[in-house]
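One structure below.
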Amino acid sequence: NSVWGPDSLHRLPVHPLWQSPLTIPGGTRQSPINIQWRDSVYDPFLKPLKISYDPTTCLHIWNNGYSFLVEFDDSADRSIIVGGPLENQYRLKQFHFHWGAINEWGSEHTVDSKFYPAELHLVHWNAVVYPTFEEAVMEGNGLAVIGVFLKLGAHHEGLQMLVDALPAIKHKDAVIEFDVFDPSCLIPSCPDYWTYAGSLTTPPLTESVTWIIKKQPIEVDENQLEAFRMLLFTSDGEEEKRMVDNFRPLQPLMNRTVRSSFQ
Ligand SMILES: CN[C@H]1CN(c2cccc(OC)c2)S(=O)(=O)c2sc(S(N)(=O)=O)cc21
Ligand SMILES: [Zn+2]
Numbered sequence: 041n042s043v044w045g046p047d048s049l050h051r052l053p054v055h056p057l058w059q060s061p062l063t064i065p066g067g068t069r070q071s072p073i074n075i076q077w078r079d080s081v082y083d084p085f086l087k088p089l090k091i092s093y094d095p096t097t098c099l100h101i102w103n104n105g106y107s108f109l110v111e112f113d114d115s116a117d118r119s120i121i122v123g124g125p126l127e128n129q130y131r132l133k134q135f136h137f138h139w140g141a142i143n144e145w146g147s148e149h150t151v152d153s154k155f156y157p158a159e160l161h162l163v164h165w166n167a168v169v170y171p172t173f174e175e176a177v178m179e180g181n182g183l184a185v186i187g188v189f190l191k192l193g194a195h196h197e198g199l200q201m202l203v204d205a206l207p208a209i210k211h212k213d214a215v216i217e218f219d220v221f222d223p224s225c226l227i228p229s230c231p232d233y234w235t236y237a238g239s240l241t242t243p244p245l246t247e248s249v250t251w252i253i254k255k256q257p258i259e260v261d262e263n264q265l266e267a268f269r270m271l272l273f274t275s276d277g278e279e280e281k282r283m284v285d286n287f288r289p290l291q292p293l294m295n296r297t298v299r300s301s302f303q
């Protein structure tokens, strides 16, 4: 259940970028957070995360004015994750990214206060317990988001397919069909992850996310990061505002422990 209603949300100090409130009154499990490696607690009972995506469930790629996202057909259990810290299996709904204007920052989560230039979020929902995504978004165990850090390095072949589509969705609300894409190619092979109870990092900021943050980043090259920065927050015809720095500020850890799947 959420701790605030839509009426109180709009009177809060808002983040300049996308009118996302900086803090939520009563919020006890907000995201993103800094992951202090030495304070994370190894949990031997954490299972390996099992990821099985069907590339043909891919629908389209679009610019929603916050980020660009690739959406999937979640009408059946065809692209799912199970295991890890999760009690049920969760269905893939969409993935999107957050990034900076320069390589010094851009990720939402930090590790030992270090920013990465970008962060990938793969959003899944608990269709075992909840009949619709919209209901799952409002419940404590409704969503599971895999976070993957991007670091500057080698060219990423799998990412290039997305990068090649970006010029066609430069403006807010632009969408193009995207037939076949397997997001597993964006997930590092190393099984190690941190996990903690958190929230969406954009409105509605609901405290419904089990975060699974991969320890190992993926490498992308400068041209690929620059391609993200060519997108616009603004619609066609409006004064152009480059889509950069679309990450929420760090939130207080409060009474939470970050667990690790590795020693
Ligand atoms: C615009 N960004 C959010 C979009 N969502 C959304 C869409 C429809 C309805 C809804 O609530 C009723 C929420 S979402 O749940 O897919 C997510 S996940 C996420 S993040 N950065 O925490 O991974 C941000 C958003
Ligand atoms: Zn996100």
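Just so you know, we're using the working numbering here: the sequence shown kicks off at 41 and counts up by one. Cβ coordinates follow ideal geometry from the N, Cα and C atoms, glycine included. Please read these numbers as outputs of a predicted model, since none were measured by experiment.
(request) List the whole-angstrom C-beta distance separating Thr235 from Arg288, where the pair is believed to meet the contact cut-off of C-beta under 8 Å. (result) In this structure Thr235 is not in contact with Arg288, their Cβ atoms being roughly 19 Å apart against a cut-off of 8 Å.
(request) Put Cys225 into one of helix, strand or coil per three-state DSSP. (result) Three-state result, Cys225: helix.
(request) Use the C-beta contact count for Gln303: other C-beta atoms within 10 angstroms, 16 or more gives buried, fewer gives exposed. (result) With fewer than 16 Cβ atoms within 10 Å of its Cβ, Gln303 is classed as exposed.
(request) Whole angstroms is fine: what's the gap from Ala141's alpha carbon to Asp285's? (result) Looking at the backbone, the Cα of Ala141 and that of Asp285 are separated by about 6 Å.
(request) Can you grab the Cα-Cα spacing for the pair Gly207 / Asp222, in whole Å? (result) Here residue 207 turns out to be Pro, not Gly, going by the sequence shown. When the Cα atoms are used, Pro207 and Asp222 turn out to be separated by approximately 21 Å.
(request) Alpha carbon to alpha carbon, how far is Pro228 from Lys210? Give it in angstroms, no decimals. (result) Approximately 28 Å between the Cα atoms of the pair.
(message) Classify His138: buried if its beta carbon has 16 or more other beta carbons within 10 angstroms, exposed otherwise.
(response) Label assigned to His138: buried.
(message) Taking 8 Å as the threshold (C-beta atoms), are Thr246 and Ser106 in contact?
(response) Contrary to the premise, residue 106 reads as Tyr rather than Ser in this sequence. Contact flag unset, no.
(request) Check whether the Cβ of His138 sits closer than 7 Å to any heavy atom of ligand 2, and report yes or no. (result) True, at least one ligand heavy atom lies under 7 Å from that Cβ.
(request) Within 10 angstroms of the Cβ of Asn295, are there 16 or more other Cβ atoms? Answer buried if so, exposed if not. (result) Taking every protein chain shown into account, the CB of Asn295 has fewer than 16 other CB atoms within 10 angstroms, so this residue is exposed.
(request) For Glu179, collect the residues of the same chain with a Cβ closer than 7 Å to its Cβ; drop the 5 residues on either side in sequence, then sort them by chain order. (result) The answer, listed in chain order, is Tyr170, Ser248.
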